[in-house]
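**Q** Below you will find the structure I want to go over with you.
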Amino acid sequence: MILLQCVQLTKTFGVEPILSNIKLEVHSQDRVAIVGRNGAGKSTLLKIIAGKLSYNSGDIIIPKDVTIGYLAQDTGLESSRSIWDEMLTVFAPLIQMEKELRNLEAKMSDPECISDEKVYEKLLKDYDLLSESFKERGGYKYEADIRGILSGLHFSDKDYSTEVSTLSGGQKTRLALGKLLLTRPDLLILDEPTNHLDLETLAWLEQYLLHYDGAILIVSHDRYFLDKVANVVYEISRTKATKFVGNYSHYLDEKAKRYEIEMKQYEKQQDEIDKLRTFVEKNIARASTTKRAQSRRKQLERMDVLDRPQGDEKSARFSFEIKKQTGNDVLRIDQLSGGYPNSKPLFEKLTLAVNRSESIALLGPNGIGKSTLLKIITEQLSPVAGTIKYGSNVTIGYYDQEQAKLNSNKQVLYELWDDYPLTPEKEIRTILGNFLFSGDDVLKSVSDLSGGEKARVALAKLMMQKANFLILDEPTNHLDLDSKEILESALLDYPGTILFVSHDRYFVNRMATRVVEMTYEGLIDYIGDYDYYLLKKQENLERKELKEKQEVKVQHQEEQPNKQTFLQDKEAKRKERQRQRRLEEIEQTIEKIELSIAEKEEALCDPEVYQDHNQVAQLNNEIEQQKQELDSLMEEWSELEE
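If you're matching positions, the sequence shown starts at 586 in our numbering and goes up one per residue.
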């Protein structure tokens, strides 16, 4: 089923075309990625599809019963409710149905309704219908769905009562994403959904989207994410859209193949055109060959001439150099604790050694203190405790993810030139040109630049430092896919040492020679790239689970003998109690028998008794029986005593 069709869609801003004759289709279960340069029109296209922006011409066809959910880039949820209450608003119809069910239940228990058979039957019928509808719409699991989404987005149970208005910008963005996911629309439109997500949450979101029932339309600069999720890619370039079936890596391969094929076809046709023109020029004037020349000329006129294939759009070009190499020891951190003033330390007793030419990725959940650690290393913050030692000749170049050091009141040209006043203006302009600032672009105010443009200015300043130790905090944020590729290539050729924080797993996998994971227990080293890190983490997790199972098994085995001993002790105590009771019974019985025997023997001394032969015989007989019983009891008592 086709959920969305864009037919010959066109959008202009003033006289400048942004999108021209865009054709796009989304079918059920499609995971469609839209890729392209910053400013190509990707977000504009999503806004048009979501009904947030008008378009000049063309058609958008969406079936009436298809529901659409849209999350704009960096959209934060604004609300005075608690997190839990805000999530409950998604299920307001279900909550109302639940209230109606409770009302019906109350009526059904009313004696007056029960006594009226017709009223009672109608109540039962209404209750059955409403109960079935409530069940089909997820009425018995919506709270579990909320908990699942909030847990996946790293909101723990204790956070549910927190007011949304008190959350950070990143948390509000995650919450907006969670609320949208709970609505489960037929078509989910996401503009940069991976912003503000740590690696663990990214992995959860990937799995969630892979198993999502509806279709998904995504704009993202996260190549690892696109490889995992997308099965169709549309490239927006030079206002046009081109479709590729497959994930992001397949799109890159297919794009290169298409360009190669189209170039060969173009060159082959150009050769053919040259030969035909040459033949016409040489033979049109000769009587013997003029007819053939005229035929060739008509062939040329009828030919559908191919346009020269357009390669990639202009890309930034830069490289990082160093003035002087460091010694082998670049950085040594020992027992370092750090955080912000007047607050509890974010981390304690960290130890880290950084050696020359390493490229170290510092990974960990949001809020654990990765950026804080980088700021302490770059001396923007003071450590709470511990020591930091820098190696010989170390010069640090720091890239801030927020470009906080860029002065908004300066022009782009002077943002660089003021820092390097001895560099000729021509050279500054050349450097900015390499970062795609040409002509009047260099006279733009920094405050008017987009996030991607500010990132390129910050990279240009970093390049001019020629530092031998680069410390990078989310260097790929705000960069389009092509700019990321260029940055990676420049850093791979960099002769110095790199320590970086990034949530871009593709970038981490390509750049890292070593991964250091920051946990609440300290730093954990993995000598390898991101794939190796994932593999070892999985192995460690499996090893831990196996160890826990073995410990449970050993504990169970230890518990078995203990249980057996307990049962034996219990049985022994029971038997001891029985023995004591039996001993007491025997002693009481012996005492009674001995008293009876004494009484009977005393009776035998009575003249009236011993003169009666029959009575004497009976008493002697009874005394004998009691003595036998007494002997038996004495034997049992002796055995029990032993």
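Even for Gly, the Cβ is constructed at its ideal location relative to N, Cα and C.
Quick caveat, the model's predicted, so the values are computed rather than measured.
Is TYR819 helix, strand or coil by DSSP?
**A** It is a strand residue.
**Q** Could you pull the DSSP bridge partners for PRO585 from this structure?
**A** Because residue 585 is not part of the residues shown, which for the chain are 586 to 1227, the question remains open.
**Q** Within the same chain, show all residues whose beta-carbon is closer than 8 Å to that of VAL749, passing over the 5 residues directly before and after it, in chain order.
**A** If we look at VAL749 and ignore the five residues flanking it on each side, its Cβ neighbours are LEU662, GLU663, SER664, SER665, ARG666, SER667, ILE668, GLU671, LYS757, LEU760.
**Q** So what does DSSP say about LYS649, is it helix, strand or coil?
**A** Of the three classes helix, strand and coil, the one that applies to LYS649 here is coil, per DSSP.
**Q** Cα-Cα, which of GLN1211, SER1087, TYR819, ILE962 is closest to GLY949?
**A** Comparing Cα positions, the closest option is SER1087.
**Q** How about GLY971 and LEU931: are their beta carbons less than 8 Å apart?
**A** Against a cut-off of 8 Å, the Cβ pair of LEU931 and GLY971 comes out as no contact.
**Q** Smallest Cα separation from MET1103: which of GLY954, ARG893, GLY724, ALA815?
**A** Here the closest residue by C-alpha is GLY954.
**Q** So MET848 is in the beta strand (DSSP E); what residue range does that whole segment cover?
**A** Per DSSP, MET848 belongs to no beta strand (DSSP E); it is in the alpha helix (DSSP H), 833-868.
**Q** Would you kindly work out how many angstroms separate the C-alpha atoms of GLU777 and ASP1033, rounded to a whole number?
**A** Approximately 21 Å between the Cα atoms of the pair.
**Q** Check for me: the beta strand (DSSP E) holding MET1103 runs from which residue to which?
**A** Run containing MET1103: 1099-1104, per the beta strand (DSSP E) assignment.
**Q** Can you check the segment 871-943 for any alpha helix (DSSP H) of at least 4 residues that lies completely inside it and give the ranges in chain order?
**A** As far as the segment 871-943 is concerned, its whole alpha helix (DSSP H) runs of at least 4 residues are 875-887.
**Q** Would you mind sorting LEU557 into buried or exposed? The rule is 16 or more other CB atoms within 10 Å of its CB.
**A** Within the shown structure, residues of the chain are numbered from 586 to 1227, placing residue 557 beyond reach of any answer.
**Q** Considering only residues of the same chain and omitting the five flanking positions on each side of GLY755, which have a CB-CB separation below 6 Å?
**A** Closer than 6 Å at the Cβ level, and outside the excluded window around GLY755, lie HIS781.
**Q** Tell me, please, whether the segment 599-618 touches the segment 1055-1073 by the rule of three or more beta-carbon pairs shorter than 8 Å.
**A** No: fewer than three Cβ pairs fall under 8 Å.
**Q** Between ILE1071 and ASP1004, what straight-line distance do the alpha-carbon atoms span, to the nearest angstrom?
**A** Cα to Cα, the separation comes out at about 24 Å.
**Q** Looking at the structure shown, is GLN1140 part of a helix, part of a strand, or coil, going by DSSP?
**A** The answer is helix: DSSP assigns GLN1140 an H, G or I state.
**Q** Taking ILE647 as the reference, give the member of GLY636, TYR640, ALA657 with the closest Cα.
**A** Measuring from the Cα of ILE647, the nearest candidate turns out to be GLY636.
**Q** Comparing alpha-carbon positions, which option in ILE699, LYS1132, TYR836 lies nearest VAL620?
**A** Ranking ILE699, LYS1132, TYR836 by Cα distance to VAL620 puts TYR836 first.
**Q** Count the C-beta pairs between the segment 1027-1045 and the segment 982-1001 that are closer than 8 Å, then say yes if the count reaches three, no if not.
**A** Contact holds: three or more Cβ-Cβ distances are below 8 Å.
**Q** Quick one: using the 10 Å Cβ neighbour count with 16 as the cut-off for buried, is LYS764 buried or exposed?
**A** Counting Cβ neighbours within 10 Å, LYS764 comes out buried, since at least 16 surround it.
**Q** Answer yes if the segment 1066-1081 comes into contact with the segment 925-940, meaning at least three C-beta pairs across the two stretches below 8 Å, and no otherwise.
**A** No: fewer than three Cβ pairs fall under 8 Å.
**Q** Cβ atoms of ALA1045 and LEU1017: under 8 Å apart, would you say?
**A** Yes, the pair counts as a contact, with Cβ atoms nearer than the cut-off.
**Q** Under the three-state reduction of DSSP, which class applies to LYS726: helix, strand or coil?
**A** LYS726 falls in the coil class under three-state DSSP.
**Q** Start and end of the alpha helix (DSSP H) containing THR758?
**A** Counting along the chain, the alpha helix (DSSP H) containing THR758 begins and ends at 754-768.
**Q** May I ask which residues mark the beginning and end of the alpha helix (DSSP H) holding ARG808?
**A** Where ARG808 is concerned, the enclosing alpha helix (DSSP H) stretches over 808-814.
**Q** Assign ASP807 to buried or exposed, taking buried as 16 or more other Cβ atoms, counted over all protein chains shown, within 10 Å of its Cβ.
**A** Its Cβ being crowded by 16 or more others within 10 Å, ASP807 is buried.
**Q** Mind checking whether GLY976 and LEU916 have CB atoms under 8 Å apart?
**A** Their beta carbons are under 8 Å apart, which means GLY976 touches LEU916 by this criterion.
**Q** Under the assumption that ARG1159 contacts LEU1225 (Cβ atoms under 8 Å), give the Cβ distance between them as a whole number of angstroms.
**A** That belief does not hold up - the Cβ atoms of ARG1159 and LEU1225 are roughly 15 Å apart, past 8 Å.
**Q** Please name the residue, chosen from GLY923, ILE945, GLN614, VAL969, that lies closest to SER952 on a Cα-to-Cα basis.
**A** The sequence given here has Gly at residue 952, not Ser. Ranking the options by Cα distance to GLY952, first place goes to GLY923.
**Q** Based on the DSSP output, what are the partners of ILE801 in its beta bridges?
**A** In DSSP, ILE801 forms a bridge with ARG616, LEU773.
**Q** Take PHE810 and list the residues in its own chain whose beta-carbon comes closer than 6 Å to its own, dropping the five residues that flank it on each side.
**A** Closer than 6 Å at Cβ, skipping near neighbours: THR779.
**Q** DSSP has THR974 in a bridge; who is on the other side?
**A** Note that residue 974 corresponds to Lys in the displayed sequence, not to Thr. Note: LYS974 sits in a beta bridge opposite ARG917.
**Q** Does the segment 624-632 come close enough to the segment 818-835 to have 3 or more Cβ pairs within less than 8 Å?
**A** Output reads yes: the segment 818-835 touches the segment 624-632.
**Q** What does a CB cutoff of less than 8 Å around SER605 pick up in its chain, not counting 5 residues either side in sequence?
**A** Taken in chain order, the residues that qualify are THR595, THR824, LYS825.
**Q** How would you label ASN1206, buried or exposed, when you count the other beta carbons within 10 angstroms and need 16 or more for buried?
**A** By the neighbour-count rule (16 or more Cβ atoms within 10 Å), ASN1206 is not buried but exposed.
**Q** So, are the CB atoms of LEU991 and ALA938 less than 8 Å apart?
**A** Going by C-beta atoms, LEU991 is not nearer than 8 Å to ALA938.
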